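In the numbering used here, the protein residues as written are 94 to 281.
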């Protein structure tokens, strides 16, 4: 009696296939390193794209105030308004009472107009304080921390501060800054 092994492979007509070659597994640290490098590349690309596409807004309101201060033909919505007219107009534009400097002896309001900066309304008022023309821009504050900016740009002194919930920016001649700063309410 002849016994047949049923688990034995059948003979192939071409001959025997070579045995499969064993390859060592990929080291664990190589898989982690590739994943880490891919993650870093994606994050770096995202951050670089954001900074390249969206410009920073730091100081944008201050820059806009300086630009408006130097705008040659000034077109005013209100020309030479009284204190009551200026308050009523700013209340209509901003929806709340803004901390505008009060016209008094030696201080004249030349004009006022509405601006829109970063999709928010602002008021721009030009004063004559003594012989100096000083511009004041007031807008509802966008940033949480109260920041104080004081710098000289060319012949102009730029002062920016936070008054409760308002950002106030004053731009005037640097030579006469000692005289006009207290009049517009620049904090020390």
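Don't be surprised by glycine CBs; every beta carbon is placed ideally from N, CA and C.
The model shown is predicted, which means the values in this text are computed figures rather than measured ones.
Candidates the options: closest to residue i by CA position
i	options	result
residue 200	121, 182 and 221	221
residue 203	147, 273, 168 and 278	168
residue 187	210, 195 and 174	210
residue 251	122, 269 and 155	155
residue 230	148, 133, 118 and 192	192
residue 283	123, 115, 214 and 118	In the structure displayed, the chain extends from 94 to 281; residue 283 sits before or after that span and is not available.
residue 225	273, 208 and 245	273
residue 246	139, 281, 181 and 268	268
Identified DSSP bridge partners for residue i
i	result
residue 138	Note: residue 138 sits in no beta bridge, so no partner.
Check whether residue i and residue j have beta carbons under 9 angstroms apart
i	j	result
residue 218	residue 232	no
residue 227	residue 159	no
residue 171	residue 178	yes
residue 242	residue 234	no
residue 239	residue 255	yes
residue 249	residue 266	yes
Residue-level contact to chain D via CB, residue i, 9 angstroms cutoff
i	result
residue 122	In summary, chain D is missing from the structure at hand, where a single protein chain is found.
Three-state secondary structure assigned by DSSP to residue i
i	result
residue 119	coil
residue 266	strand
residue 126	helix
residue 145	helix
residue 272	helix
May I have a chain-ordered list of the alpha helix (DSSP H) segments no shorter than 4 residues that lie completely inside the segment 158–242?
-> 176–187
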